[in-house]
Amino acid sequence: MIYADNAATTKMSEAAIDTMVKTMNETFGNPSSLYEVGQKAKEVLEQARADVAAVIGADPREITFTSGGSEADNQAIRSAAALGAKKGKKHIISSAFEHHAVLHTLERLRQEGFEITLLDVHENGIVLPEQVEEAITDNTCLVTIMTANNEIGTIQPVREIGEICRKHGVLFHTDAVQAVGHIPIDVKKDNIDMLSASAHKFHGPKGVGFLFAKKGIRLTNLIEGGAQENGKRAGTENVPGIAAMATAIREADSRMEAYAAEVSRKRDRLIRGLREIPHCALNGDERCRLPGNVNFCFEGIEGESLLLLLDDKGIQASSGSACTSGSLDPSHVLLAIGRVHDVAHGSLRLSLGEDITDEDVEYMIGAVKEVVEYLRSFSPVWRDLMAGKGEFIL
Amino acid sequence: MALYSEKVMDHFRNPRNVGVIEDANGIGQVGNAKCGDIMKMYLKIEDDIVKDVKFETFGCGSAIASSSMATELIKGKPVADAMKLTNKAVAEALDGLPAYKMHCSVLAEEAIQSALEDYQKRTGNKIE
């Protein structure tokens, strides 16, 4: 089996599993309890906070543990909106291809009276810092742009965008769910005020993540209750999950350089191999992308059938076709970079992890070629295109 | 639980009656690429019997399986029976489809209806 859907989730690392089990066994106490086993759990929790903070260049007090990336995105945006509303500033800038955790939160805020500007991400899937500067008004309270896109892997000029936000006194949040543990991030150097991350994208457990919020930014609670997480997120802390996340992030950080070199070499080989398929296109900028991300559109075929046949060949991947989303529209990310519906339905994302071998890459190239050719062999769309009825888009 | 029934996967992996009939006397195409599904049906009708049927489909697993099953259900049958094929019959023969994939069986029914209409137009024969 070749698992090539690491952007969806990753397999937990053995070290993270060990930490999780050890914490469950030995430090099962409630961190809010005063007795020994509770205080030990508190120590584990605070050590994890320090570890996570160190990796992104933050102060431990700036880290709030959450149930994952979506919660962190929701809390960051809600908090900035509340702070902005107090000053009468109700304008938020974001991009058209953010994760739904961001877009749907912004849509809610729009219904609540905020003005939302979604910046164009161009054909290459990258927002330009100038666009951000042009969009900022006296009413702007937040800019939220992802660090790297979850579907096409394009890396955004976060540092430059952050610099512009600083200059104009606007808060800058970045959804770094796909980036943390994969590419270097330093919240100070990168001028980031708030950042969201999720453990299961870097070989940690599901159901745990964190929100970084720079000192002085007052967070709005999404969950009311006890005084956990400095009163910013109620509910008994997921100590085993948080401890395992800390192990996973430290591990990912220590291996990042080697991982990036190795995985991006395989990514590039995969891209070269798939490009040999006629009438296809790589989605997103070729260089400015996450080490493991490969995303193509193939004309004349539909993505779900491609995925099912690849699954039969032992390859687990994903697609932005409508049929895999349960809606009639293909991925908003592919539409945002200008892919028309007809070809957006025929997309394939292969997101590689460290365990992918060179043989796996060659096998995947062969398998995708074979399946695309087979599906085209009885596609009426392909037949018409080959017969000269209608023009190829790709 | 798997997304699709064994029957759907069987018809998806080994679609029956795939291809083109060069001398078809009824051809129908429905759907559009924008929505992600296109089905094309080719019929060869002789003596009011569906002698041969073939399909081409651009679409998801259930679209391909629905096309395949629909061709099986009408092949060798009187045209009057083919006229009565419903999407429900296609879905049932596939041991069911997920609710949001039912439109694939509707497309299969419509593709066959469209090919039968084409046949009636071309030949002037009326299917009773």
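Each protein sequence line maps, in turn, to chains B and Z. First residue of the first sequence? That's 470 in the numbering used here, and the numbers climb one at a time after it. First residue of the second sequence? That's 580 in the numbering used here, and the numbers climb one at a time after it. Idealized CB from N, CA, C, for every residue including glycine. Since we're looking at a predicted model, the values are computed, not measured.
Counting C-beta neighbours from all protein chains within 10 Å, is the total for residue i 16 or more, i.e. buried, or is it exposed?
i	result
T535(B)	buried
K556(B)	exposed
K858(B)	exposed
E567(B)	buried
M855(B)	exposed
G650(B)	buried
V870(B)	Beyond the ends of chain B as shown, which are 470 and 863, falls residue 870(B); an answer cannot be given.
G538(B)	buried
G772(B)	buried
A727(B)	exposed
E800(B)	One point to set straight first is that residue 800(B) is Ser, not Glu, in the sequence displayed. By the 10 Å Cβ count, S800(B) comes out buried.
T613(B)	buried
N699(B)	exposed
F641(B)	buried
Just verifying my parser: in three-state terms, what is the DSSP assignment at residue i?
i	result
K636(B)	helix
A694(Z)	helix
I561(B)	strand
T574(B)	helix
R818(B)	strand
A523(B)	helix
G703(Z)	coil
I643(Z)	helix
I834(B)	helix
N864(B)	Here chain B comprises residues numbered 470 to 863, so residue 864(B) is not present and cannot be evaluated.
D474(B)	strand
L552(B)	helix
C792(B)	helix
P529(B)	helix
E584(B)	strand
L597(B)	coil
S787(B)	strand
C757(B)	coil
Looking only at DSSP bridge pairs, what is residue i linked to?
i	result
A617(B)	I624(B)
M663(B)	H642(B), A682(B)
E635(Z)	K619(Z)
D589(B)	In DSSP, D589(B) forms no bridge with anything.
F671(B)	Per DSSP, none; premise fails for F671(B).
Q608(Z)	K619(Z)
N666(Z)	DSSP output for N666(Z) lists no bridge partner at all.
I624(Z)	V629(Z)
N762(B)	S820(B)
Interface residues of chain B around residue i at Cβ under 9 angstroms?
i	result
R592(Z)	L777, L778, D781
V597(Z)	S846, F847
Can you list the residues of chain Z that residue i reaches, using a CB-CB cut of under 8 angstroms?
i	result
H814(B)	A612, G615
H810(B)	A612, K613, C614, G615
P849(B)	Q608, I617, M618, K619, E635, T636, F637
I806(B)	Ordered by position in chain Z, no residue passes the 8 angstroms Cβ test against I806(B), which lies about 17 angstroms from the chain.
Against residue i, what residues of chain Z qualify as contacts under a CB-to-CB distance less than 9 angstroms, listed in chain order?
i	result
S790(B)	G615, C639
For chain C, check one thing: does any of its Cβ atoms lie closer than 8 angstroms to the Cβ of residue i?
i	result
H590(Z)	Here the protein chains are B and Z, and chain C is not one of them.
Original post:
Taking any Cβ of chain B, which residues in the segment 605 to 628 of chain Z have a Cβ under 7 angstroms from it, in chain order?
Top reply: From the segment 605 to 628 of chain Z, only Q608, A612, K613, C614, G615, I617, K619 have a Cβ closer than 7 angstroms to chain B.
**OP:** Check distances from the C-beta atoms of the segment 630 to 645 of chain Z to those of chain B and list, in chain order, the residues that come in under 7 angstroms.
**Re:** Within the segment 630 to 645 of chain Z, contact with chain B at the beta-carbon level (separation under 7 angstroms) is assigned to E635, T636, F637, G638, C639, G640, I643.
Original post:
Given a limit of 7 angstroms on CB to CB distance, which residues of the segment 724 to 746 of chain B reach chain Z?
Top reply: Identification of residues in the segment 724 to 746 of chain B having a C-beta nearer than 7 angstroms to some C-beta of chain Z yields an empty set.
**OP:** Could you list the residues in the segment 746 to 775 of chain B with a C-beta less than 9 angstroms from some C-beta on chain Z, going in chain order?
**Re:** From the segment 746 to 775 of chain B, only G769, I770, E771, G772, E773, S774 have a Cβ closer than 9 angstroms to chain Z.
Subject >> Within 9 angstroms of chain Z by C-beta, residues of the segment 851 to 862 of chain B in sequence order >> reply: Taking a C-beta cut-off of 9 angstroms against chain Z, the contacting residues of the segment 851 to 862 of chain B are W851, R852, listed in chain order.
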